[in-house]
Each structure stands twice: as structure tokens, then as C-alpha cells.
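Visitor: My structure is below; once you've seen it, I'll send some questions.
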Amino acid sequence: MTQKKQKILIIGGGGREHAIGWKVSQSPRAGEIFFAPGNGGTSEIGKNIDIKATDIPKLIEFAKKEKIDLTLALPDDPLALGIVDEFQKTGLRIWGPTKSASELEWSKAYAKNFMKKHGIPTAKYEIFTDFEKAKKYVETGAVPVVVKASGLALGKGVTVAQTKGEATEALHKIFVEKIFDNAGNEVVIEEYLSGIEISIHAISDGESWKIFPASQDHKRIFDGNVGPNTGGMGTIAPLPFVDQKMMTQIEEEIIKPAILGMKEEGRPFVGILYPGIMLTKEGPKVFEFNARFGDPETQTYMRLLDTDILDIVDASLDGKISSLEIKWKNLFACNIALASGGYPGIYEKGKIISGIGSPLEEYPLGGGGMDLSTPSRKRATPQEGNDIVIFHAGTKIENGNLVTNGGRVLGVSAVGNTLQEALEKAYKAIEKISFEGMQYRKDIGKSAR
Ligand code: AMP
Ligand code: GLY
């Protein structure tokens, strides 16, 4: 049976969006793919549209005009703004959680109260709306202690304070200096959890779910997991140190009560539920919920996924997750972020990227994919059998050159029969790539090997 090719709109412009787009482009059902706003890499597999991921009215106008069959809402901020609700109101098919379902991510205060109510293991906490009260609480409590702005704060809203002074300073910045604006109106102060940090993803249709293999991000900028937090410097999956018993425990104690709890609250969760989990001595505990695919976790998941991603999205939208079988390749994957010098602080943009081929030539290492808009351009197609795939994050094409355009610039992904093999391949591929100021972690996956 031949199926109608679908026109697809992918919201976002990072490595996650390039990876999802790359996988979508392999579906026999995928027709034209649009990215809003996309990056230098996504322009190789579809068309970049100059509309911000948060400009919902313009996105709706575009989707209607182009007769988009399916929109994938991937980043956190449009979800928090209610992109799914707004698209649905106009009859457009969009995948992702609604505004009320994604509150699990955009309000840490909501997420904590939800976990308490539904018996989901998490760090002990208190919620504050007042600087003096929060300060007093910290002064009488233990350290380390974790201070979190409740709202979305570009991944910068969390301070793991080693001293009471540091915690008070973080509170001052949030409540008095208002550095996170309204995202800091409420603050969660929580117990410090020690253990190994892992990422779990589960796809849900609001009632049932399927859990992905465990993955692990490396959030700090420098080797040894030190320095400031970033969006994520590298991921590995699956995790050799997480066995089936642990996955079952996580599913039973965290994913199941979360999906059933959201349904009970009248906020059925359709999309990816991604808890950040600490494997503590007392068992797995949630330190945050995300209501979307992780970046760069997604890049490793897309390398391992052996099922059509559009089948997965359709099952999630159509209430058919319980009968969906998700196949994963029997391989390990890694994705190493190459970042701009100075990131996550101030960095320059516009540096020419060399070693992955000019955008007008073949990509020697793969990473471009097919250019559907100009079929005459010859591209390497990083499909099956290609061990290395480069996902673009902060890149753009300027005067025919591929240049840096963000903090995390590229993600170099590799697969292998062992984690060690995947990592060796990725690091070898990185040797060929350069741009002024390029920095990356040399120890991704080291503690797991
Ligand atoms: P987030 O911005 O929510 O991803 O948190 C940033 C980082 O803070 C996480 O990746 C953890 O390493 C750390 N973190 C958050 N909550 C806790 C906690 N309760 N105990 C220890 N570390 C935490
Ligand atoms: N991997 C970090 C994030 O997506 O939040």
C-alpha cells in the first residue's frame, strides 16, 4: 500500500531538531520537511523557515498556508507557551504535550507537588515566594543544598550550593535581582541528592507508555564534570551500568505513576516524558521532569532507533502506544558536543567550520543528508551503515561557508558494538574538525566504559 507523503514541520533549531529531522527524512512517509528556524545542518535535509520557535501565530499561519500534515513541537519554550493547544484549536495536527501537561517542566514547584501527591521518589523540598523566608530556611538547614528557580531559565536556574552563603547569594539573585524575571517568582529549595545522574525518556499517548533505553548526559563544561552547567556536552546510550531490574524499577516507581497521575489530574501527557534521575543509595529519585526530548540525548537515540519515528509519533497522537513495538539497534551510541570557545559564558559567532566539508560539497563524514530543495546538489547521505553522523546545533551557512552560530556548534555521533568502540570512532572523527576556539570534553562516557 502506498501511503501519502506527509509534509512535516519541525519546531526548533538545535542538534535535537537536526537529529529528529534526519530520522524523519528516512521514513518512507516523509515528504517535504520544514524547520523553524532550523540551522546549517537542517537546511541540508529540508527547508529552513525564518520563524522563531516561539512565534506561535506565525507558525500557525505558515502551517496552514503550506498545508502541513504534522508538526513536531520539540523545544521547551513553545510547549510552555501552549503551542500544542493553539495548533489544535485551529485543527492542525501537532505532536507534543499541551501547556498544562508540560507544566511538569515549566514549573518545578508544580512538578514537586505532583511528585509528592503521586508518591514519586524525589528530593525533599520546600517552595518559597519570599526572599527572607527562603534565606531563613537555608540558614537553619543542611548543606549542600539545591536552589532552583521554578520556571524555565535556559538551563541556568539551578544552583547546587556547597555553603549557606552560596545558597543565599543564589536566592538574592533570583528574588531580589530578578535575574530570571518571572521564572524566579517561586523558588524550590531541595535536598542535595548524591549519586549517578541518568536520563530516562518514555513516550506516552496519555494513558500508556514505552520506555527508551537509559542514556546519560554530561552537563558540566569541563572534563571531570567540573565548571559551569551547559545544555549538555555529550551523551551515551544505552548505559552498561543500568540493568533491566533498574529499568523496571524506574518504570514502576516513576514513569507509571507520572503518566497515570497526569491522566488523573486531567492533563494527559502526550509526548516524551524525560525525567532526570539520580541513582541514589536509596534508589532512583527524580531531580527534574522535562516534557520533551533531551538535547543531546536525542542524537544518540536517533542513531539507535530501528523503528520509523513517524510510526512512533502517530501511535502517541492516536492512543496506540500500548500496541507499538519500538525496535532498537543492538549497538551503543555516543554524541560529543563541539562548543564555541567561552561557552557557556560569552562566545563569538561566525567562525568558519572546517573538516566536515563545505556545505556545497559532499560531507566526507556524513551529516548532511539529502537536500530535498535542490536535488542537483550532491550530498553524502548519512544513512544506514554510516558510523559517524554529524548533527548541527549552532551553525548557519553564510556566504557559502558553514559558520558557528551558537554555543553548542556540532554533535559528532557514532555507533559501535561496544561503548568503547563508539567513543573511539567519534573522537577520531573530531580530530578532522576545527573552528577557532573549539572546545569539547575528552571524557564523555569515561566513567561508564
Ligand atoms: P537542571 O537545570 O534542572 O537540569 O539541573 C541542573 C543540574 O543540577 C542537574 O543536572 C543535576 O546535576 C543538578 N541537580 C539538580 N537537582 C539536584 C539535586 N536535588 N541534588 C543534586 N544535584 C541536583
Ligand atoms: N540534556 C539536557 C536537556 O535536554 O535538558
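With the working numbering as the guide, the letters of the sequence shown map in order to residues 1278 to 1726. The beta carbon of each residue, even a glycine, is placed where N, CA and C say it ideally should be. Everything numeric in this text was worked out from a predicted model, so none of it was measured.
1. Identify the continuous alpha helix (DSSP H) that holds D1482 and give its terminal residues.
2. What number of angstroms, rounded off, separates the C-alpha of F1457 from the C-alpha of K1425?
3. Assign F1311 to one of two classes, buried (16 or more other C-beta atoms within 10 Å of its C-beta) or exposed (fewer than that).
4. With burial defined as no fewer than 16 other Cβ atoms inside 10 Å of the residue's Cβ, what is the status of S1485: buried or exposed?
5. Let me check you understand the geometry: is the CB of M1392 closer than 7 Å to at least one non-hydrogen atom of ligand 1?
6. Alpha carbon to alpha carbon, how far is A1296 from P1552?
7. What does the Cβ neighbour count give for G1419, buried or exposed, with the cut at 16 atoms within 10 Å?
8. Just the C-alpha distance for Q1576 and E1409, rounded to the nearest angstrom, thanks.
9. Quick check on DSSP: helix, strand or coil for G1461?
10. With 16 as the cutoff for other CB atoms within 10 Å, does S1384 come out buried or exposed?
11. Between R1569 and L1351, is the Cβ-Cβ spacing less than 8 Å?
12. Where does G1688 land, buried or exposed, given buried means 16+ other C-beta within 10 angstroms?
13. Which residue from G1509, P1398, I1532, D1520 puts its Cα closest to that of I1488?
14. State the CB to CB distance for the pair I1333 and I1360, rounded to an integer number of angstroms; the pair is presumed to be in contact (CB under 8 Å).
15. Excluding five sequence neighbours on each side, which residues of the same chain lie with their C-beta closer than 6 Å to the C-beta of R1306?
16. With three or more C-beta pairs closer than 8 Å as the rule, is the segment 1456–1472 touching the segment 1426–1444?
17. Could you check where the alpha helix (DSSP H) with T1445 kicks off and where it finishes?
18. Determine contact between the segment 1680–1687 and the segment 1605–1620, defined as no fewer than three beta-carbon pairs at a distance below 8 Å.
19. As an exercise, report each continuous alpha helix (DSSP H) stretch of at least 4 residues that is fully enclosed by the segment 1362–1401, in chain order.
20. What do you reckon, are the CB atoms on T1681 and K1628 nearer than 8 Å?
21. Near Q1365, which residues of its chain fall below 7 Å by C-beta distance, leaving aside the five closest residues on each side in sequence?
22. Buried or exposed: which applies to F1712, given that a residue is buried once 16 or more other Cβ atoms fall within 10 Å of its Cβ?
23. R1497 and T1507 - do their beta-carbons sit closer together than 8 Å?
Guide: This is what the structure gives:
1. On the sequence shown, position 205 is the one that residue 1482 refers to. No alpha helix (DSSP H) holds D1482; the beta strand (DSSP E) holding it covers 1479–1482.
2. Along the sequence shown, read from residue 1 onward, the residue named residue 1457 stands at position 180. Along the sequence shown, read from residue 1 onward, the residue named residue 1425 stands at position 148. If you take the alpha carbons of F1457 and K1425, they lie about 11 Å apart.
3. Position 34 of the sequence shown, counted from the start, is the residue given in the question as residue 1311. Per the 10 Å Cβ criterion, buried.
4. The residue given as residue 1485 occupies position 208 in the sequence shown. With 16 or more other Cβ atoms within 10 Å, it is buried.
5. Residue mapping note: residue 1392 aligns to position 115 of the sequence shown, counting from 1. Flag unset: Cβ of M1392 not near ligand 1.
6. Position 19 of the sequence shown, counted from the first residue, corresponds to residue 1296. Position 275 of the sequence shown, counted from the first residue, corresponds to residue 1552. Going from the Cα of A1296 to the Cα of P1552 covers about 20 Å.
7. As a first step, residue 1419 is located in the sequence shown; it is residue number 142 there, counting from the start. In the sequence under discussion, the amino acid at residue 1419 is Ala, which differs from the Gly named in the question. When all chains shown are included, A1419 counts as exposed.
8. Position 299 of the sequence shown holds residue 1576. Position 132 of the sequence shown holds residue 1409. Between Q1576 and E1409, the C-alpha separation is close to 43 Å.
9. For the purposes of this step, residue 1461 is identified with residue 184 of the sequence shown, where counting begins at 1. Helix, per DSSP.
10. As a first step, residue 1384 is located in the sequence shown; it is residue number 107 there, counting from the start. Buried, by the Cβ-count rule.
11. Indexing the sequence shown from 1 puts residue 1569 at position 292. Indexing the sequence shown from 1 puts residue 1351 at position 74. Cβ distance < 8 Å, so R1569 and L1351 count as in contact.
12. Along the sequence shown, read from residue 1 onward, the residue named residue 1688 stands at position 411. Around the Cβ of G1688, a 10 Å sphere holds 16 or more other Cβ atoms; the residue is buried.
13. The count along the sequence shown starts at 1 and reaches residue 1488 at position 211. Ranking the options by Cα distance to I1488, first place goes to I1532.
14. The sequence position of residue 1333 within the sequence shown is 56, counting from 1. The sequence position of residue 1360 within the sequence shown is 83, counting from 1. I1333 to I1360, Cβ: 5 Å. Contact.
15. The residue you call residue 1306 lines up with position 29 of the sequence shown. Here the set comprises Q1280, Q1283, L1587.
16. yes
17. Taking the sequence shown and counting its residues from 1, the one referred to as residue 1445 is at position 168. Element bounds for T1445: 1441–1448.
18. yes
19. List check, alpha helix (DSSP H) in window: 1380–1383, 1385–1394.
20. Position 404 of the sequence shown, counted from the start, is the residue given in the question as residue 1681. Position 351 of the sequence shown, counted from the start, is the residue given in the question as residue 1628. A Cβ-Cβ contact shorter than 8 Å links T1681 with K1628.
21. Position 88 of the sequence shown, counted from the start, is the residue given in the question as residue 1365. Taken in chain order, the residues that qualify are I1371.
22. For this step, residue 1712 is matched to residue 435 along the sequence shown. Label assigned to F1712: buried.
23. For this step, residue 1507 is matched to residue 230 along the sequence shown. For this step, residue 1497 is matched to residue 220 along the sequence shown. Yes, Cβ-Cβ distance for T1507 and R1497 is below 8 Å.
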